[in-house]
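Colleague: Provided herewith is a single structure, encoded as structure tokens, for subsequent inquiry.
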Amino acid sequence: MFFYDSLAGSSALSTIQVSRQHPLGLAAARLAAEAIAQDMSESYQLDCEWADEDETELRFRGSGVHGTLTLDDDTLELQVHLGLMLLPVRSVLEQEILDYVENRLPCPKRV
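Numbering (our numbering), first residue to last: 865 to 975.
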């Protein structure tokens with residue numbers, strides 16, 4: 865199941881939010897988040913680190929962008945805050961993020 869609202873919240877222009885249910889369980893979701901962090905670090909020069917001992921909140925920061933990837937047993941929440949310089953390409957970044965999440969995390973089959 866995939867939930868997405870591009871106009872939610874008061875900072876809708878500068879924030880991209882994605883909520884995604886996953887069938888992985890927390891341990892496998894952590895591994896997927898580690899792979900995502902590695903990709904983000906290499907592709908976009910973002911610094912990534914776990915914010916808590918339980919490794920359920922991954923924080924990332926780079927030039928003009930910061931955010932969090934929060935995990936639990938069956939849900940992934942991604943919040944990306946764009947700086948002023950990235951606002952003109954927000955829709956492109958938003959689509960890349962959605963495509964990336966769609967391709968990296970399996971979604972339960974619909975019956």
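Ideal Cβ positions, reconstructed from N, Cα and C, are used throughout, including at glycine. All of these numbers come straight from a predicted model, not from anything done at the bench.
Between residue 943 and residue 926, which are expected to be in contact by the criterion C-beta below 8 Å, what is the C-beta distance as a whole number of angstroms?
Modeller: Your numbering for residue 943 matches position 79 in the sequence shown. Your numbering for residue 926 matches position 62 in the sequence shown. That belief does not hold up - the Cβ atoms of residue 943 and residue 926 are roughly 15 Å apart, past 8 Å.
Colleague: To the nearest angstrom, how far is it from the Cα of residue 918 to the Cα of residue 941?
Modeller: Counting from one through the sequence shown, the residue named residue 918 turns up at place 54. Counting from one through the sequence shown, the residue named residue 941 turns up at place 77. So the two alpha carbons sit approximately 16 Å from each other.
Colleague: To which residues of the same chain is residue 897 closer than 7 Å at the C-beta, ignoring the five residues directly before and after it?
Modeller: Mapped onto the sequence shown, residue 897 falls at position 33. Closer than 7 Å at the Cβ level, and outside the excluded window around residue 897, lie 922, 933, 935.
Colleague: Indicate the three-state DSSP secondary structure (helix, strand or coil) for residue 885 in the structure shown.
Modeller: Working through the sequence shown from its first residue, we reach residue 885 at position 21. DSSP places residue 885 in strand when its eight states are reduced to three.
Colleague: Whole angstroms are fine: how far does the CA of residue 879 sit from the CA of residue 938?
Modeller: Locating residue 938 in the sequence shown gives position 74, where the first residue counts as 1. Locating residue 879 in the sequence shown gives position 15, where the first residue counts as 1. For residue 938 and residue 879, the distance between alpha carbons rounds to 23 Å.
Colleague: Buried or exposed, going by whether 16 or more other CB atoms sit within 10 Å of the CB of residue 881?
Modeller: The residue you call residue 881 lines up with position 17 of the sequence shown. It counts as buried.
Colleague: Using the C-alpha atoms, what's the distance from residue 900 back to residue 883?
Modeller: Here the question's residue 883 lines up with position 19 in the sequence shown. Here the question's residue 900 lines up with position 36 in the sequence shown. Their backbone Cα atoms lie some 15 Å apart in a straight line.
Colleague: Can you round the beta-carbon distance between residue 962 and residue 954 to whole angstroms, since I take them to be within the 8 Å contact cut?
Modeller: On the sequence shown, residue 962 is found 98 positions in, with the first residue counted as 1. On the sequence shown, residue 954 is found 90 positions in, with the first residue counted as 1. The Cβ separation is near 12 Å, so there is no contact.
Colleague: Just verifying my parser: in three-state terms, what is the DSSP assignment at residue 909?
Modeller: Counted from its first residue, the sequence shown places residue 909 at position 45. Coil.
Colleague: Determine which residues share a DSSP beta bridge with residue 941 and list them.
Modeller: Here residue 941 corresponds to residue number 77 of the sequence shown, with the count starting at 1. Its beta-bridge partners are 883, 934.
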